[in-house]
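> Protein sequences appear in the order of chains W and R.
Here the first sequence stands for residues 490 to 779, where the numbers follow the working numbering.
Here the second sequence stands for residues 4 to 93, where the numbers follow the working numbering.
Take this structure first; my questions come after.
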Amino acid sequence: MQQKTTNQKAWFLVLPVLILVAFSAVIPLMTVVNYSVQDTFGNNQFFWAGLEWFEDMLGDERMWNALQRQLLFSGIILAIEVPLGIFVALNMPKSGVWSSFCLVVMSLPLLIPWNVVGTIWQIFGRVDIGLLGATLAALGIDYNYTQDTVSAWVTIIVMDVWHWTSLVALLAFAGLKSIPDAYYQAARIDQANRWAVFRYIELPKMAGVLMIAILLRFMDSFMIYTEPFVVTGGGPGNATTLLSIDLVKMALGQFDLGPAAAFSLMYFLVILLISWVFYTVMVNLDKKGL
Amino acid sequence: MDWMAWTWPTAAFFGTIALMLVIFTGLAIRFPETPRVGVLRIETTRGDRLFITLLGSAFINLAWLGLVGDNQPLALGVCLIYAICVFRWV
């Protein structure tokens with residue numbers, strides 16, 4: 490009988506990743522935990538504060554309001570991007586030159602850096618020189634994202650939909666392409682209508698990739714900073730101050746490192762919980778062969 | 004290490020977590036296990052249950068701090084009961 494060879498030296502191959510993760514995630518996280526229980530006035534001097542910052546933050550309306558806005562933002566963009574992405578994927582040419590053309594065009598927004606997207610929309614929406622803003626003003630629609638809350642929200646949501654619907658569409662398209670033709674043939678034999686084909690063949694077969702799309706979009710939108718910051722700067726007032734914008738204002742603007750550290754740890758815990766739920770659902774879907 | 008602003012309580016906190024990870028790694032090597040399905044209807048190993056326990060404990064502590072406000076060590080007691088339940092039934 491052949492003996493299974495074991496080579497423990499292979500563990501060293503994991504070392505670069507461990508070092509990378511330690512410096513990019515573990516050590517900063519530990520530092521944030523240390524900051525969250527202390528007070529500082531700069532100069533690298535720290536004073537023990539215990540759980541005071543956590544208590545302050547839990548009773549602080551500012552954080553809860555930012556969390557509400559964040560959940561609303563993520564909920565709205567998911568409710569738009571997922572169905573829209575599926576709709577686009579269903580209507581894309583399945584093969585040939587046009588299919589490739591569509592794929593390239595759809596990928597373009599994904600390649601643009603966040604701050605550039607923000608700048609594009611910031612100018613695009615301006616009432617004086619922006620195509621969108623000027624057109625809406627010419628049509629008599631009262632639109633001004635710097636002064637009106639609804640306008641600001643519509644702008645950042647439309648911007649996110651423009652930037653990221655392609656990702657959902659591309660993932661859904663990949664899911665659709667993987668369905669064998671035999672399923673459609675069987676549906677035709679059964680004279681299934683278009684809705685039945687979508688409901689009982691395409692949607693279940695796309696479930697796995699759609700979960701990945703929802704997870705990616707939720708996490709990205711929950712941590713979004715650059716785009717809304719460039720467009721609205723969190724305003725008007727605090728209307729578009731999402732969690733990360735509020736956090737940066739607190740940590741770097743006000744230099745309240747202790748409260749900001751407590752805030753970011755709670756933010757981190759929420760993200761960790763939601764990621765774990767999504768991950769568990771995805772793994773279980775995988776096991777069911779979807 | 005000055006810039007990391009270490010304190011004894013936070014060092015003990017991370018030390019405990021590190022120790023738990025070492026113990027559970029040792030257990031996984033010494034006594035390999037097959038995942039089981041519990042009340043959450045998902046497959047979990049001992050490591051998964053430790054993760055659920057630690058994450059849940061963080062939320063229990065925050066909830067205690069926000070709702071009760073004092074006697075924080077008692078929250079650790081609730082976490083212990085929670086941990087026993089997770090390891091028994093999840």
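Beta carbons: idealized from backbone N, C-alpha and C, even for Gly.
Note that the structure is a prediction, hence the values are computed from the model and not measured.
Counting pairs of Cβ atoms below 8 Å between the segment 563–577 of chain W and the segment 648–660 of chain W, do you hit three or more?
The segment 563–577 of chain W is in contact with the segment 648–660 of chain W.
> Taking all protein chains shown into account, do 16 or more other C-beta atoms lie within 10 angstroms of the C-beta of residue 82(R), making it buried, or fewer, making it exposed?
By 1-based counting over the second sequence, the position of residue 82(R) is 79. Counting Cβ neighbours within 10 Å, residue 82(R) comes out buried, since at least 16 surround it.
> Is there a Cβ of chain R sitting closer than 8 Å to that of residue 769(W), yes or no?
Stepping through the first sequence from its first residue, residue 769(W) is reached at position 280. Residue 769(W) counts as touching chain R.
> On a Cα-Cα basis, can you pick out the residue from 629(W), 549(W), 731(W), 516(W) that is closest to residue 751(W)?
Residue mapping note: residue 751(W) aligns to position 262 of the first sequence, counting from 1. Here the closest residue by C-alpha is 549(W).
> Can you confirm whether residue 15(R), when its beta carbon is compared against all beta carbons of chain W, has any partner nearer than 8 Å?
Within the second sequence, numbered from 1, the residue matching residue 15(R) stands at position 12. No, residue 15(R) does not count as interfacial toward chain W.
> For a quick check, are the C-beta atoms of residue 661(W) and residue 686(W) less than 8 Å apart?
Sequence index remark: in the first sequence, residue 661(W) carries index 172 (1-based). Sequence index remark: in the first sequence, residue 686(W) carries index 197 (1-based). Contact: no.
> Between residue 10(R) and chain W, is there a C-beta pair that is closer than 8 Å?
Sequence index remark: in the second sequence, residue 10(R) carries index 7 (1-based). Yes, its Cβ sits closer than 8 Å to a Cβ of chain W.
> Kindly identify the DSSP beta-bridge partner or partners of residue 527(W).
Residue 527(W) sits at position 38 when you count from the first residue of the first sequence. Note: residue 527(W) sits in a beta bridge opposite 537(W).
> DSSP on residue 558(W), reduced to helix/strand/coil?
Here residue 558(W) is taken as the residue at index 69 of the first sequence, counted from 1. DSSP places residue 558(W) in helix when its eight states are reduced to three.
> Is any heavy atom in the ligand NAP found nearer than 7 Å to the beta carbon of residue 667(W)?
Annotation note on the ligand NAP: not contained in the displayed structure, which lists no ligands.
> If you draw a straight line from the alpha carbon of residue 619(W) to that of residue 610(W), how long is it in whole angstroms?
Along the first sequence, read from residue 1 onward, the residue named residue 619(W) stands at position 130. Along the first sequence, read from residue 1 onward, the residue named residue 610(W) stands at position 121. Using only the alpha carbons, I get a separation of about 9 Å.
> How about residue 532(W) and residue 715(W): do their beta carbons lie closer than 8 Å?
As a first step, residue 532(W) is located in the first sequence; it is residue number 43 there, counting from the start. As a first step, residue 715(W) is located in the first sequence; it is residue number 226 there, counting from the start. Not in contact: residue 532(W) and residue 715(W) (Cβ atoms no closer than 8 Å).
> So, with DSSP's three-state summary, where would you put residue 44(R)?
Residue 44(R) sits at position 41 when you count from the first residue of the second sequence. Three-state result, residue 44(R): coil.
> At which residue ranges does the segment 606–676 of chain W contain complete alpha helix (DSSP H) runs of 4 or more residues, listed in the order of the chain?
The segment 606–676 of chain W contains these whole alpha helix (DSSP H) runs: 620–627, 638–666.
> Are residue 632(W) and residue 641(W) touching if we call contact CB-CB under 8 Å?
Residue 632(W) sits at position 143 when you count from the first residue of the first sequence. Residue 641(W) sits at position 152 when you count from the first residue of the first sequence. No; because the gap between Cβ atoms is not below 8 Å, this pair is not in contact.
> Do residue 58(R) and residue 761(W) have their CB atoms nearer than 8 Å?
Sequence index remark: in the second sequence, residue 58(R) carries index 55 (1-based). Sequence index remark: in the first sequence, residue 761(W) carries index 272 (1-based). Yes, the Cβ-Cβ distance between residue 58(R) and residue 761(W) is below 8 Å.
> What is the residue span of the alpha helix (DSSP H) that residue 20(R) lies within?
Residue 20(R) sits at position 17 when you count from the first residue of the second sequence. Where residue 20(R) is concerned, the enclosing alpha helix (DSSP H) stretches over 11–33.
> For residue 503(W), decide whether its Cβ has a neighbour in chain R, counting only Cβ atoms nearer than 8 Å.
On the first sequence, position 14 is the one that residue 503(W) refers to. It does not: the Cβ of residue 503(W) has no partner Cβ on chain R nearer than 8 Å.
> Grab the span of the alpha helix (DSSP H) containing residue 85(R) for me, first residue to last.
Here the question's residue 85(R) lines up with position 82 in the second sequence. Segment 75–92, the alpha helix (DSSP H) holding residue 85(R).
> Using a cut-off of 8 Å between C-beta atoms, extract the partners of residue 6(R) located in chain W.
The residue given as residue 6(R) occupies position 3 in the second sequence. Under the 8 Å cutoff, chain W gives 520, 533.
> Can you tell me which of 25(R), 39(R), 40(R) puts its alpha carbon nearest to the alpha carbon of residue 33(R)?
One-based indexing of the second sequence puts residue 33(R) at position 30. Of 25(R), 39(R), 40(R), the residue nearest in Cα terms is 25(R).
> If the cut-off is 9 Å on Cβ atoms, which residues from the segment 679–704 of chain W count as contacting chain R, listed in chain order?
Here the close residues number zero.
> Under 8 Å between the Cβ atoms of residue 704(W) and residue 771(W)?
One-based indexing of the first sequence puts residue 704(W) at position 215. One-based indexing of the first sequence puts residue 771(W) at position 282. Yes; because the gap between Cβ atoms is below 8 Å, this pair is in contact.
> Closer than 6 Å by C-beta to residue 735(W): which residues in its own chain qualify, once you throw out the five before and the five after it? Chain order, please.
The count along the first sequence starts at 1 and reaches residue 735(W) at position 246. Once the five neighbours on either side are set aside, the close Cβ partners of residue 735(W) are 555.
> Measuring only between beta-carbons, confirm whether residue 62(R) sits less than 8 Å from chain W.
Reading the second sequence from its first residue, position 59 is the one you call residue 62(R). Yes, contact with chain W.
> Taking residue 15(R) as the reference, which of 500(W), 496(W), 523(W) has the closest Cα?
Mapped onto the second sequence, residue 15(R) falls at position 12. Here the closest residue by C-alpha is 523(W).
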